[in-house]
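Chemist: Sharing a structure below in structure tokens format, with a few things to ask.
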Amino acid sequence: MMRLAVVGNPANRRVKLFTAAAGRAGFKEPDVYAWRDVLTGGPVPGPGATVRIDSPGEDAEVERLLRGAGETALPGEIVGGADAYDGLEKILDRIAAGGGRLLNPPADVLVMNDKRRCHARLADAGIPVPAALPPVGDYAGLRAAMRAAGWQRVFVKPAHGSSASGVLALAVARSRIMAMTSVEIGDDGRLYNNLRVRRYEGERQIAEIVDRLGPDGLHVERWFPKAGLGDRALDLRVVVIAGEPRHVVVRTSRTPLTNLHLGNARGDVATVRAAAGEKAWEAAMRTCSDVARCFPRSLHVGVDLMFRAGWRAHAVAEVNAFGDLLTGIDTYGDEIAALADGRYDACAR
Ligand SMILES: Nc1ncnc2c1ncn2[C@@H]1O[C@H](COP(=O)(O)OP(=O)(O)O)[C@@H](O)[C@H]1O
Ligand SMILES: [Mg+2]
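Letter by letter, the sequence shown follows residues -16 to 332 of the numbering used here.
Structure representation (structure tokens):
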């Protein structure tokens, strides 16, 4: 019988849900390796274990350990993305060296957690993605690259960000500029995540935000005009398990940022499917399978998929290595089933 293990934050519902799903399928209770312990030199799963690596996020102490001792962050502060990424790379190496069978291969996790590398991987595979600017390091560089490309509307994303943290939807028109983002500039001049998306129209503030985010790495894409319903733009989170798109959540927003924790609403999948039409919907789902084929040994990938206004085209905004938590949907049970019935082995070959 397969022995399951999880590296995760034991207090987190992800770990609890996975453990419960394993139990329901008749597996022995998975061994849980707490990120905190693993990151402070504790044991990692050994040979014979089939290992789920879960998100190290949502735990301030774990995030601090990932970033390394040098950097302190205040609650909600956006800082240290590049250091956290380096830390993740090191610890994934150590987990791999333990000899377990990893359901999230480190090489895949690292590509997905770097939006520049992930975009390049998808583009190379012929998957539709918004066009991207060449590397940009600060606001002046951003504006110069936009001018060179002839683009007036872009999405600026921290290379190692998630949950819309640090993302700016930015539009320029002649002398005017506008950015929509959940970033807040604190009284201390640092950047913080806010749950409210706000609009900035002052170039000085927008430049300050981009300049502060720049050193941790930026990925800039052309603004893809998302399809919507009524007054809400939307995109899909598609969880692909063992190569098959299995679960879809529609995320709708009155702002260009659809991430659900920003107070956005889930939309109705059947309504969106009907609006898109069967052909466009099937094409989008095929794209999600193609994305998974770029990461064949990852048991699951979470694809953020945007339809273009008019529904005739679509593009992938990003791929999430830890994107399988969808409240109210039994994604974990489905993953366990794919493990148990050999579908994972078949596609990971
Ligand atoms: N090029 C783009 N054009 C339009 N909207 C985008 C683009 N890229 C991302 N978005 C939107 O921005 C939000 C966050 O994007 P995403 O790339 O998924 O980053 P994160 O890791 O922060 O979730 C999503 O609502 C997505 O639909
Ligand atoms: Mg996303």
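Cβ coordinates follow ideal geometry from the N, Cα and C atoms, glycine included.
This structure is a prediction, so every number in the text was calculated from the model and none was measured.
Reducing DSSP to helix, strand and coil, say where E167 ends up.
Modeler: For the purposes of this step, residue 167 is taken as residue 184 along the sequence shown, with counting starting at 1. Strand.
Chemist: Considering Cα atoms alone, identify which of K98, I110, E265 is closest to V150.
Modeler: On the sequence shown, residue 150 is found 167 positions in, with the first residue counted as 1. Checked all of K98, I110, E265; the closest Cα to V150 is K98.
Chemist: Compute every distance between the C-beta of D287 and the non-hydrogen atoms of ligand 1, then say whether any falls below 8 angstroms.
Modeler: As a working note, residue 287 is residue 304 in the sequence shown. Yes, since a heavy atom of ligand 1 falls inside the 8 angstroms radius drawn around the Cβ of D287.
Chemist: DSSP state of K11, grouped into three classes?
Modeler: As a first step, residue 11 must be located in the sequence shown, where it is residue number 28. Reduced to three states, the DSSP call for K11 is coil.
Chemist: I'd like to confirm something about A304: is its beta-carbon nearer than 8 angstroms to some heavy atom of ligand 1, or not?
Modeler: Along the sequence shown, read from residue 1 onward, the residue named residue 304 stands at position 321. No, ligand 1 has no heavy atom inside 8 angstroms of this Cβ.
Chemist: Going by DSSP, what residues sit across from Y175 in a beta bridge?
Modeler: Within the sequence shown, numbered from 1, the residue matching residue 175 stands at position 192. Paired residue(s): E60, E167.
Chemist: Is V34 closer than 9 angstroms to L350 when the C-beta atoms are compared?
Modeler: With the chain covering only -16 through 332, there is no way to say anything about residue 350.
Chemist: Using a 10 Å radius around the Cβ and a threshold of 16 neighbouring Cβ atoms, would you call R332 buried or exposed?
Modeler: Taking the sequence shown and counting its residues from 1, the one referred to as residue 332 is at position 349. When all chains shown are included, R332 counts as exposed.
Chemist: Give me the Cα-Cα distance between R126 and V112, rounded to the nearest whole angstrom.
Modeler: Stepping through the sequence shown from its first residue, residue 126 is reached at position 143. Stepping through the sequence shown from its first residue, residue 112 is reached at position 129. Rounded to the nearest angstrom, the two C-alpha atoms are 21 angstroms apart.
Chemist: Could you give the distance in angstroms between the alpha-carbon of A335 and the alpha-carbon of G311?
Modeler: Residue 335 lies beyond the range of the chain shown here (-16 to 332); nothing can be said about it.
Chemist: Heavy atom of ligand 1 less than 8 angstroms from the Cβ of L240, yes or no?
Modeler: Locating residue 240 in the sequence shown gives position 257, where the first residue counts as 1. Yes.
Chemist: With three or more C-beta pairs closer than 8 angstroms as the rule, is the segment 309 to 325 touching the segment -1 to 19?
Modeler: A contact exists between the segment -1 to 19 and the segment 309 to 325.
Chemist: Use the C-beta contact count for S158: other C-beta atoms within 10 angstroms, 16 or more gives buried, fewer gives exposed.
Modeler: The residue you call residue 158 lines up with position 175 of the sequence shown. Label assigned to S158: exposed.
Chemist: In the DSSP assignment, find the beta strand (DSSP E) that holds T33 and state where it starts and stops.
Modeler: For this step, residue 33 is matched to residue 50 along the sequence shown. It spans 32 to 36 - the beta strand (DSSP E) in which T33 sits, taken as one unbroken run.
Chemist: From the DSSP output, in three-state form, read off E186 for me.
Modeler: Sequence index remark: in the sequence shown, residue 186 carries index 203 (1-based). Reduced to three states, the DSSP call for E186 is helix.
Chemist: Just to check, is the beta-carbon of A300 closer than 8 angstroms to a non-hydrogen atom of ligand 1?
Modeler: Here the question's residue 300 lines up with position 317 in the sequence shown. Yes, Cβ of A300 sits closer than 8 angstroms to a heavy atom of ligand 1.
Chemist: For A267, verify whether its CB is less than 8 angstroms away from any heavy atom of ligand 2.
Modeler: Looking up residue 267 in the sequence shown gives position 284. Result no, Cβ not under 8 angstroms from ligand 2.
Chemist: Just how far apart, CA to CA, sit L178 and G31?
Modeler: What you label residue 178 is simply residue 195 of the sequence shown in a count that begins at 1. What you label residue 31 is simply residue 48 of the sequence shown in a count that begins at 1. Whole-angstrom Cα-Cα distance: 42 angstroms.
Chemist: Confirm, please, whether the CB-CB distance from G(-9) to G29 is below 9 angstroms.
Modeler: By one-based count along the sequence shown, residue 29 stands at place 46. By one-based count along the sequence shown, residue -9 stands at place 8. No, Cβ-Cβ distance for G29 and G(-9) is not below 9 angstroms.
Chemist: Considering just the uninterrupted stretch of the beta strand (DSSP E) at V222, what are its terminal residues?
Modeler: Along the sequence shown, one-based indexing puts residue 222 at 239. Residues 215 to 224.
Chemist: My output table needs one value for F207: the three-state DSSP class, helix, strand or coil.
Modeler: The sequence position of residue 207 within the sequence shown is 224, counting from 1. It is coil, neither helix nor strand.
Chemist: Give the range of the beta strand (DSSP E) segment to which P141 is assigned.
Modeler: Translated into positions along the sequence shown, residue 141 becomes position 158. Element bounds for P141: 136 to 141.
Chemist: Could you please give me the residues that DSSP links to S158 through a beta bridge?
Modeler: Residue mapping note: residue 158 aligns to position 175 of the sequence shown, counting from 1. Answer is none; S158 lacks a bridge partner.
Chemist: Could you tell me the boundaries of the beta strand (DSSP E) in which H230 lies?
Modeler: Start at 1 with the first residue of the sequence shown, and residue 230 comes out as number 247. Start and end: 227 to 236.
Chemist: Could you have a look at A(-12) and say whether DSSP puts it in helix, strand or coil?
Modeler: In the sequence shown, the residue the question calls residue -12 occupies position 5. Looking at A(-12) - three-state DSSP - the assignment turns out to be strand.
Chemist: Under the DSSP definition of a beta bridge, which residues are partnered with D287?
Modeler: Locating residue 287 in the sequence shown gives position 304, where the first residue counts as 1. Its beta-bridge partners are R220, E301.
Chemist: Quick check: does the Cβ of G133 come within less than 8 angstroms of any heavy atom belonging to ligand 1?
Modeler: Working through the sequence shown from its first residue, we reach residue 133 at position 150. Every heavy atom of ligand 1 is 8 angstroms or more from the Cβ of G133, so no.
Chemist: Would you mind listing the alpha helix (DSSP H) stretches within the segment 53 to 112 that are 4+ residues and don't spill past its ends, in chain order?
Modeler: Those alpha helix (DSSP H) runs which fall completely within the segment 53 to 112 and span 4+ residues are 64 to 80, 89 to 95, 98 to 107.
Chemist: What are the residues that DSSP puts in a beta bridge with R332?
Modeler: Position 349 of the sequence shown holds residue 332. DSSP, once it has assigned bridges, lists no residue as partnering R332.
Chemist: Cα-Cα, which of V27, A67, T238, R(-4) is closest to E44?
Modeler: Counting from one through the sequence shown, the residue named residue 44 turns up at place 61. E44 has its Cα closest to that of A67, out of V27, A67, T238, R(-4).
Chemist: Check A115 in the structure and name its three-state DSSP category.
Modeler: For the purposes of this step, residue 115 is taken as residue 132 along the sequence shown, with counting starting at 1. A115 falls in the strand class under three-state DSSP.
Chemist: Is G63 near R50, with beta carbons less than 9 angstroms apart?
Modeler: Here residue 63 corresponds to residue number 80 of the sequence shown, with the count starting at 1. Here residue 50 corresponds to residue number 67 of the sequence shown, with the count starting at 1. Cβ atoms of G63 and R50: closer than 9 angstroms.
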